[in-house]
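Chains as they are written, first to last, in full-length UniProt numbering: chain A, 1 to 329; chain B, 1 to 329.
Backbone N, C-alpha and C define an ideal beta-carbon position, used for all residues, glycine too.
The structure presented is a predicted model; accordingly, all values stated were derived computationally and were not measured.
What follows is a set of notes on a single structure, which appears directly below.
Protein chains: 2
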Amino acid sequence: MTGSEVAAAAGVSPATVSYVLNDTPGQSIPESTRTRVREAAARLGYQPNAAARSLRVGRSDVVVGLVPDTGYSATFSDLMLKLSRSLSELGLSLVLHPAPLDPVRLRELLRTIDPVGVVALTGLDDDTVTALQAAGVRVVVGTAGAGAPRAWEIRFGAGEFGAAQAQHLRSRGHERIGLVRWARDFPSATDQGRAAALLEVMAVAGQTHIPVLDLPADPGAAEQALGVWLRDEPAVTAVATMDDDVAALVVSSADRLGVAVPDRLAVVGAYDFPVCTLVRPALSTVRADLGDLIGRFAAIIHEAVADAGSPLPDRIAVDTARVVARGST
Amino acid sequence: MTGSEVAAAAGVSPATVSYVLNDTPGQSIPESTRTRVREAAARLGYQPNAAARSLRVGRSDVVVGLVPDTGYSATFSDLMLKLSRSLSELGLSLVLHPAPLDPVRLRELLRTIDPVGVVALTGLDDDTVTALQAAGVRVVVGTAGAGAPRAWEIRFGAGEFGAAQAQHLRSRGHERIGLVRWARDFPSATDQGRAAALLEVMAVAGQTHIPVLDLPADPGAAEQALGVWLRDEPAVTAVATMDDDVAALVVSSADRLGVAVPDRLAVVGAYDFPVCTLVRPALSTVRADLGDLIGRFAAIIHEAVADAGSPLPDRIAVDTARVVARGST
DNA sequence: TTGTACGCGTTATCAG
DNA sequence: CTGATAACGCGTACAA
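Here it is as structure tokens:
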């Protein structure tokens, strides 16, 4: 079903079809013609060819959502579903991809999808951001990142989660805290941003660096790694984790090791995943109303796509980050 | 960077560039020309434009992976990562999308991505499969489904997980079992296939239908729903769940209700998610070496894409489905 | 007010 | 054995 066929059915030229269906401004087409075209399009089930459109316009209508490759809880899933709906109303569509991606797979993604925007639930390192811009991505929404954000890049929640975690642990009397992240081949930018945010708060209490534990996903290996780490870092009485999945593994590993939570080791996670209330003790965590942000993301992306020259906010604060205290702290 | 520029740099025509870089058979181009072209392409960092290619060829090189919209664990995440790599080697790329999708979003996905193949970690209902075929998708790999598979559709693991769960529960002496699935607006085809598989095994023991509990994701609501359901179904002494996330919520809800697991209620999950060993009692589950299947999926998709007429297997058995017995049964 | 014609980058057909 | 050239479907400048 092509635009020409619709034009033929409506008795107009292909150009008119394009004008009508795209609501092209500056064209004075009588309402009667418009309805005839729209009706024909609807009747024939006309769907514009995305490839032809992309080729002509020079960009696709696709936004890529980068999700953590460590698995992806219902919390994040809901977020992406919301984003998908919001973007959909604005004529954009969302597909997901696991992150972080190595340079080769990133290039492949950019080449095959040529997204107009990227929303990352993970941090993006500078090289990735640079590659995205070079590939023509109009707007990037992500969390942490080392340098200053570019004009077309928006950051959110860079430090709020870490700050909330550290403040909570301090308020519970802890003076030396650590960070637990997933062990992985390539370091994640989110991990680094979180560590920096924790340190900023703990520096006030005299802590000079944040010890980091790389936790393997395998329960046996995790237990061992935690045991060794706790011996090596005897001053650490509490840990913040990158997310609640990691926190859950810490708590259960501690249980097996005979390490009392929260007495010997307090644990605070992040994002309030469903797993929080499944483990014993239940996980304290930091949650934020990210769902609220999603609508703004969509609007910002739409704006950036529609009007390339419009200025973007370089940062969106997550002002709703709040501690949910449960049994693990 | 376009093919024409490469052609100019190499002193050949654009057509020759296409022939060389695509290894088009039936063309006798001297090795010297080939190397010259390849060199120029590499030097200039040529990346073919996917939109133009899609427009010309009539399909994209993208495969869509449908993932459960309830969130998915590291187990599925790993699977998709493996699939992504396998497809990548075959010149195809993978993007993810939450499923099930309503008809509107499905159409949008098909229009914007125009995938050449679909791999679903969830079941696909018949309408969806029909829509996929109509949109020109060459091959669909999915789990359950009501009717018989189409020639271009491959099913895997339709009943194996359910059969293994039911057999395990029977071997533990249970004669009346139920199925627990996520409460959701639209029924999932996976859920229906699982129920049928369970019934097939339990029919031998005289069970005539499988009571189903729709579990809300919210812990409080889940606890209440489980309590009511157990009162309504006093004969049920064990449940199989759709996956380990659901199973974990059942176990923790039972704990809060004072229902002893496994004595009053045995619980067996599926897929061996990491959450299995995080809850008490640890979850019995059914696992299969799906990673092994992934490579075959990729090969089958590649085959179907490369040679439209080649016959596909209509079914791939998951012969490695095995029970992992832990504390919950 | 509407239609014609061109170009986006690629691949396939068909002369040379 | 090689390379012009047309065509894919759309959007838009310009002509009618």
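Which of the three DSSP states, helix, strand or coil, is assigned to residue i?
{"i": "G136/A", "result": "coil"}
{"i": "A270/A", "result": "coil"}
{"i": "A99/A", "result": "strand"}
{"i": "A9/A", "result": "helix"}
{"i": "A120/B", "result": "strand"}
{"i": "V228/B", "result": "helix"}
{"i": "V129/B", "result": "helix"}
{"i": "D114/B", "result": "coil"}
{"i": "V261/A", "result": "coil"}
{"i": "L278/B", "result": "coil"}
{"i": "R181/A", "result": "strand"}
{"i": "R315/B", "result": "strand"}
{"i": "P25/A", "result": "coil"}
{"i": "P14/B", "result": "helix"}
{"i": "G142/B", "result": "strand"}
{"i": "P68/A", "result": "strand"}
{"i": "D214/B", "result": "strand"}
{"i": "F186/A", "result": "coil"}
{"i": "E233/B", "result": "coil"}
{"i": "A308/A", "result": "coil"}
{"i": "T329/A", "result": "coil"}
{"i": "Q207/B", "result": "coil"}
Since residue i sits in a beta bridge, which residues does DSSP pair it with?
{"i": "W152/B", "result": "W152/B pairs with nothing; no bridge assigned."}
{"i": "G45/B", "result": "Looking at the DSSP assignment, G45/B forms no beta bridge with any residue, so it has no partner."}
{"i": "R287/B", "result": "R322/B"}
{"i": "S93/B", "result": "V62/B"}
{"i": "A238/B", "result": "I177/B, A266/B"}
{"i": "V201/A", "result": "The partner list for V201/A (beta bridge, DSSP) is empty, contrary to what the question assumes."}
Measure the beta-carbon distance from residue i to residue j and round it to whole angstroms, keeping in mind my assumption that it falls under 8 Å.
{"i": "K82/A", "j": "I316/A", "result": "Actually they are not in contact, since the Cβ atoms of K82/A and I316/A sit about 16 Å apart, beyond 8 Å."}
{"i": "A40/B", "j": "A9/B", "result": "4 Å"}
{"i": "V236/B", "j": "R176/B", "result": "5 Å"}
{"i": "V37/B", "j": "I300/B", "result": "Not a contact, Cβ separation roughly 32 Å."}
{"i": "W182/B", "j": "A158/B", "result": "With a Cβ gap of about 19 Å, W182/B and A158/B do not count as contacting."}
{"i": "P262/B", "j": "S328/B", "result": "5 Å"}
{"i": "D69/B", "j": "S77/A", "result": "6 Å"}
{"i": "residue 341/B", "j": "R111/A", "result": "Nothing about residue 341/B can be reported from this structure: the residues present for chain B run from 1 to 329 only."}
{"i": "L179/A", "j": "V212/A", "result": "5 Å"}
Please decide whether residue i counts as near chain A, where near means a Cβ-Cβ distance under 8 Å.
{"i": "E175/B", "result": "no"}
{"i": "Y72/B", "result": "yes"}
{"i": "P98/B", "result": "yes"}
{"i": "R111/B", "result": "yes"}
{"i": "T130/B", "result": "no"}
{"i": "Q47/B", "result": "yes"}
{"i": "V95/B", "result": "yes"}
{"i": "E108/B", "result": "yes"}
{"i": "D61/B", "result": "yes"}
{"i": "L249/B", "result": "yes"}
{"i": "P14/B", "result": "no"}
{"i": "R43/B", "result": "no"}
{"i": "S328/B", "result": "no"}
{"i": "A195/B", "result": "no"}
{"i": "R105/B", "result": "yes"}
For chain B, is any of its Cβ atoms less than 8 Å away from the one on residue i?
{"i": "Q165/A", "result": "no"}
{"i": "T2/A", "result": "no"}
{"i": "V275/A", "result": "yes"}
{"i": "F186/A", "result": "no"}
{"i": "M80/A", "result": "yes"}
{"i": "L199/A", "result": "no"}
{"i": "F297/A", "result": "no"}
{"i": "A50/A", "result": "yes"}
{"i": "D69/A", "result": "yes"}
{"i": "residue 333/A", "result": "Outside the shown range of chain A (1 to 329) lies residue 333/A, about which nothing can therefore be said."}
Worksheet item: Do the segment 81 to 100 of chain B and the segment 275 to 289 of chain B touch if we need at least three Cβ pairs shorter than 8 Å?
Response: Contact between the segment 81 to 100 of chain B and the segment 275 to 289 of chain B is absent, because fewer than three Cβ pairs lie under 8 Å.
Worksheet entry | Segment contact flag, the segment 104 to 111 of chain A with the segment 122 to 137 of chain A, C-beta cutoff 8 Å, min 3 pairs | Yes, since at least three Cβ pairs between the segment 104 to 111 of chain A and the segment 122 to 137 of chain A fall closer than 8 Å, the two stretches touch.
Discussion item. For the pair the segment 245 to 257 of chain A and the segment 295 to 311 of chain A, tell me if three or more CB-CB distances fall below 8 Å.
Written reply: No, because fewer than three Cβ pairs between the segment 245 to 257 of chain A and the segment 295 to 311 of chain A fall closer than 8 Å, the two stretches do not touch.
Worksheet item: Do three or more CB pairs link the segment 156 to 176 of chain B to the segment 217 to 232 of chain B at distances below 8 Å?
Response: A contact is defined here as three or more CB-CB pairs under 8 Å, and the segment 156 to 176 of chain B fails this definition with respect to the segment 217 to 232 of chain B.
Worksheet item: Do the segment 302 to 320 of chain B and the segment 254 to 273 of chain B touch if we need at least three Cβ pairs shorter than 8 Å?
Response: The segment 302 to 320 of chain B and the segment 254 to 273 of chain B do not touch, with fewer than 3 CB-CB distances between them shorter than 8 Å.
Worksheet item: Does the segment 16 to 32 of chain B come within contact of the segment 184 to 199 of chain A, defined as at least 3 CB pairs closer than 8 Å?
Response: These segments do not touch.
Discussion item. Under 8 Å: do the segment 114 to 129 of chain B and the segment 61 to 78 of chain A share three or more Cβ pairs, one atom per stretch?
Written reply: No contact exists between the segment 114 to 129 of chain B and the segment 61 to 78 of chain A.
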